[in-house]
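Participant: Sharing a structure, written as C-alpha cells. Questions coming.
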Amino acid sequence: MLNIAVRAARAGGKIITRHLNRVDQVRFSAKAAKDFVSEVDQASEAAIVSTLRKSFPDHAILAEESGLLAGSSDEFRWIIDPLDGTTNFLHGFPQYAISIALEHKGRLDQAVIYNPISQDLYTASRGAGAELNSRRIRVSNCRQLGSALLGTGLPFREGDDFDSGFKVLREFSELTVGIRRPGAASLDLAAVAAGQFDGFWEAHLSAWDIAAGALMVREAGGLVTDLNGGENWLQSGSIVAGTPKLLPEMLKVIRPHASAMTGLHKSGY
Ligand code: IPD
Ligand code: CA
Ligand code: CA
C-alpha cells in the first residue's frame, strides 16, 4: 500500500512540476477568502485518486478538492492533500508537497509526503518507522525551548484569532532560538520527523494537511497532540508536534491560549 501511495504522490508531483515554468498562467480561484484552488491542485488530485483507485477500488478517499469519495468498504480511507502550499506554489516560492495518508479502521497506517522540487520523499508505516529517501529518520534530541527551532503556521484567515495566535508566537519567539513559517504544514511536520525542526504548532488545519505528517512524527519517535495535550488533533485540525521532552514545554505555552486559538473553525475532517 505504501508503494502505491508513493506512486500516486509521484504522479501528482509530475503534474505540479510540469507547470513550474508557467505558474503565472495557472488558472486559480478562491474557495473562500485567502483559500485558493488552482487547476494544478485539481489535476494533481485527479492523478493521485486515479492511481489509488486502480489498485484499491473499494477504499474510501477523503481528498481536499473532491471531499469524501465513499468506497464499498469503510475499513480503509485515504486522506489526500494534492498540493499542500498552494499559495507558495502560485507565488513561485518553492515550498509545497503532496501529502497522502491511509487510515485502517480509523488508525493512521501509512504516510507519504513528497516535495516535487527537492524530490525528497518522506514515508512512514505504523510500527515500522519513518524514512526520508529510504533512510531512517528520527526526531532531534532537543529537550528544552532554549535550544529549540520551531515551525508554525500563523493566523491569516478571516475568523482566525489573531490575538491569541500572536501572543503564543511572541512567547515562543522569546523562549526559543527561532521560529519559521514556511507555508506547507505537511513539510513542517516532515521537518520535525527528520529532526530539522524540534517542534511545530498550528491551529485550524484540516485532516489532509496533517494526517501523513503526524504519523511521520510519531514513527520518528516524536509526539503529536492537540493544543490541550489531547488526542483530538485530526478532528480539530489544531496540532502540536515535537520531541518527547520538548512537547510538554510547548504545551505549557500553548494551553492557556488553546480555546481562543481554536475558536469556532471546522477542520474539514
Ligand atoms: C495550507 C498550508 C499552510 C497552512 C494553511 C493550509 P493548502 O494548505 O498547509 O501551511 O498554514 O492553513 O491551508 O491550502 O496550501 O493546501
Ligand atoms: Ca494543505
Ligand atoms: Ca491543498
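Residue numbering for the sequence shown follows this note's numbering, starting at 455 and increasing by one per position. Think of the CB as a built atom: it goes at the ideal place given N, C-alpha and C, for glycine as much as any other residue.
What does the shell around ligand 3 hold, if a residue joins when its beta-carbon is under 6 Å from any heavy atom?
Facilitator: Asp495, Glu518, Asp535, Leu537, Asp538, Thr540
Participant: Measuring only from the beta carbon, is Asp663 closer than 6 Å to any heavy atom that is part of ligand 2?
Facilitator: Yes, ligand 2 has a heavy atom inside 6 Å of this Cβ.
Participant: Leaving aside the five residues before and after Asp563 along the sequence, list all residues of the same chain whose C-beta is less than 6 Å from its C-beta, in chain order.
Facilitator: Leu556, Arg580
Participant: Taking only runs that begin and end inside the stretch 582-650, name each unbroken beta strand (DSSP E) of 3 or more residues, in chain order.
Facilitator: 583-586, 589-591, 603-606, 632-634
Participant: Out of Ser553, Gly675, Met715, Leu677, which has the shortest C-alpha to C-alpha gap to Ser692?
Facilitator: Met715
Participant: Is any heavy atom in ligand 1 found nearer than 6 Å to the beta carbon of Ala484?
Facilitator: Result no, Cβ not under 6 Å from ligand 1.
Participant: For Arg635, I'd like the list of residues in its chain whose CB is within less than 7 Å of its CB, leaving aside the five on either flank, ordered along the chain.
Facilitator: Thr606, Gly607, Leu608
Participant: Any heavy atom of ligand 1 closer than 6 Å to the CB of Ala500?
Facilitator: no
Participant: Is DSSP giving Ala524 helix, strand or coil here?
Facilitator: coil
Participant: Name the one or two DSSP bridge partners that Phe490 has.
Facilitator: Ala484, per the DSSP bridge assignment.
Participant: From Leu659, Pro702, Ala497, Asp495, pick the residue whose C-alpha is nearest to that of Phe610; which is it?
Facilitator: Checking every option, the nearest Cα to that of Phe610 belongs to Leu659.
Participant: Could you give the distance in angstroms between the alpha-carbon of His558 and the alpha-carbon of Ile633?
Facilitator: 34 Å
Participant: Check whether the Cβ atoms of Arg599 and Thr630 lie closer than 7 Å to each other.
Facilitator: The residue you asked about is not Arg; residue 599 is Leu in the sequence shown. In contact: Leu599 and Thr630 (Cβ atoms closer than 7 Å).
Participant: What would DSSP say about Asn682, mapped onto helix, strand or coil?
Facilitator: Assignment of Asn682 by DSSP, reduced to helix, strand and coil, places it in the coil class.
Participant: Taking the alpha helix (DSSP H) that Asp663 belongs to, which residues open and close that run?
Facilitator: 661-673
Participant: If I measure Cβ to Cβ from Ala602 and keep anything under 7 Å in the same chain, skipping five residues before and after, which residues do I get?
Facilitator: Cys596, Thr630, Val631, Asp652, Gly653, Leu700
Participant: Any heavy atom of ligand 1 closer than 6 Å to the beta-carbon of Ala647?
Facilitator: no
Participant: On the DSSP bridge list, what partners appear for Phe530?
Facilitator: His558
Participant: Between the Cα of Phe626 and those of Leu516, Val707, Ser713, Ala639, spot the shortest distance and give me the residue it belongs to.
Facilitator: In terms of CA proximity to Phe626, Val707 leads the group Leu516, Val707, Ser713, Ala639.
Participant: By Cβ distance below 6 Å, which residues in the same chain neighbour Val671 in space, the five residues on each side in sequence not counted?
Facilitator: Leu643, Val646, Ala647, Val678, Ala695, listed in sequence order.
Participant: Closer than 6 Å: is that where the CB of Gly546 sits relative to any heavy atom of ligand 1?
Facilitator: no
Participant: Give me whichever residues DSSP pairs with Thr577 in a beta bridge.
Facilitator: Val566, Glu585
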